[in-house]
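Asker: Quick note, my numbering runs 4 ahead of the 1-based positions in the sequence shown. C-beta atoms are modelled at their ideal positions from N, C-alpha and C, and glycine is treated no differently. Note that the structure is predicted; figures quoted are calculated from it, not measured. What follows is a structure written as structure tokens; I'll ask about it next.
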Amino acid sequence: MTRNRSGESAPEPPGRPPSRYAGLAVRHYGDPRGRPLLYCHGTPGCSLEARLMDPAAHSAGLHVYAFDRPGYGGSPADPGLDLPSLARRVLQMADELKLERFALLGVSGGAPCALATAHAGGGRIRQLLIVCGLGPVHEARARREMRALPRLALTLARRAPGLLNKLYARPLARLARKRPDMALNLLGRWLGGPDRRLLETDQAVRQVLADTLRQAFVRGTAGVLEDLERDLKPWDFDLAEIRCPLQLWHGYADRLVPPGHGRHIAARVPGAVLHLLENEGHFSLPIGCCEEILAALNGPPGS
């Protein structure tokens, strides 16, 4: 049992409790003897997200190390951490896990962390996969491509983070801790048809996402606020200097992060390959295409 700052108790999700390396809580999925893959979760999110890829990771021979970024789940908050500093923490975590070389997977709001780690990790990074990834939102043109609600959230995060916390983050956190299924329904209003259909028809997926939301906010709103503050600052590293093979996947029906964000990233990383999929959204793509995405790690580049 864990306890958040408001004194409320939150049950640990089922399964093996997380271990901790470099101050970051880590959960393990897939094949324990498989090739290492570090998983960077979305915003808001936590390492429990990676439960959704556990069977596919087993089949692909991958050992998934999913970690909570600071302020989420089992990882204490670390205010003021910029992307390069976060990347150094992730590499320190990999050192303590005794991982010499590994692949990276960044999903949604985990993309900036994965990109920064790929940049800092140099030759340690075998391959980088970005799925429905948030692009360089410190640039106005990337924000302009987003729909009204996500764009409003980013505007408040830039100009009035206290107001965003009061009006959105804190109410969502309270709801996620007490009624995570209702919190998921609230987030569902932001989603397109493929994602809404998935949440309406697949109860196993709903349960994992509800557990993820509850655990993401167990420490309050620090994780999501720190993510937004970090991602909205200049990234302080050059995407053009990333040298590992990069593949990106994005759905045309993604209403949270538009496919233009994938284009922005792909245009700046040498040799990047962008896969744009019809009729796939923000959740339907990483869940429905998980085997195809992980199979990319078996390809010749950097594998």
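Please state whether the Cβ-Cβ distance between Phe241 and His123 is less than 8 Å.
Answerer: It is a contact, given that the beta carbons lie within the stated cut-off.
Asker: Measuring only the C-alpha atoms, how far is Leu213 from Tyr76?
Answerer: Using only the alpha carbons, I get a separation of about 14 Å.
Asker: Leaving aside the five residues before and after Ala61 along the sequence, list all residues of the same chain whose C-beta is less than 6 Å from its C-beta, in chain order.
Answerer: Tyr33, Gly34 and Val68
Asker: May I have the straight-line CA-CA distance separating Leu232 from Ser79, to the nearest angstrom?
Answerer: Near 17 Å, if we compare the C-alpha coordinates of Ser79 and Leu232.
Asker: On the DSSP bridge assignment, give the partners of Ala308 in chain order.
Answerer: Any property of residue 308 remains undetermined from this structure, which presents the chain solely from 5 to 307.
Asker: Label Asp99 either buried or exposed according to how many other C-beta atoms from any shown protein chain fall within 10 Å of its C-beta, with 16 as the threshold for buried.
Answerer: Flag for Asp99 reads exposed.
Asker: Judging by CA-CA distance, which residue of Ser23, Leu153, Phe287 and Leu28 is the nearest neighbour of Asp199?
Answerer: Phe287
Asker: With distances taken between CB atoms, is the gap from Arg31 to Gly227 smaller than 8 Å?
Answerer: no
Asker: From Pro154 to Leu260, what does the alpha carbon distance come to, in whole angstroms?
Answerer: 6 Å
Asker: Which of helix, strand or coil does DSSP assign to Ala70?
Answerer: Three-state result, Ala70: strand.
Asker: Helix, strand or coil: which one does DSSP assign to His62?
Answerer: helix
Asker: What are the residues that DSSP puts in a beta bridge with Tyr33?
Answerer: When DSSP reads this structure, Tyr33 sits in a beta bridge with Val68.
Asker: Just to check my reading of the structure: Asp235 and Leu119 have Cβ atoms closer than 8 Å, yes? What is that Cβ distance to the nearest angstrom?
Answerer: No, Asp235 and Leu119 are not in contact; Cβ-Cβ is about 11 Å, not under 8 Å.
Asker: Taking only three categories from DSSP, how would you classify Leu168?
Answerer: In the structure shown, Leu168 falls within a helical segment according to DSSP collapsed to helix, strand and coil.
Asker: Classify Val212 as helix, strand or coil using the three-state DSSP reduction.
Answerer: helix
Asker: Mind checking whether Val273 and Ile291 have CB atoms under 8 Å apart?
Answerer: no
Asker: Taking the beta carbon of Thr205 as the centre, do at least 16 other beta carbons fall within 10 Å, making it buried, or is it exposed?
Answerer: Looking at its Cβ environment, which holds fewer than 16 other Cβ atoms inside 10 Å, Thr205 is exposed.
Asker: Given this structure, state the Cα-to-Cα distance separating Leu52 from Val222, to the nearest angstrom.
Answerer: 13 Å
Asker: Buried or exposed: where does Met186 fall if 16 or more other Cβ atoms within 10 Å of its Cβ makes it buried?
Answerer: exposed
Asker: Measuring alpha carbon to alpha carbon, tell me which of Asp58, Thr121 and Tyr172 ends up nearest Leu90.
Answerer: Thr121
Asker: Within the chosen definition, does the stretch 20-29 reach the stretch 251-269 through at least 3 CB pairs nearer than 8 Å?
Answerer: no
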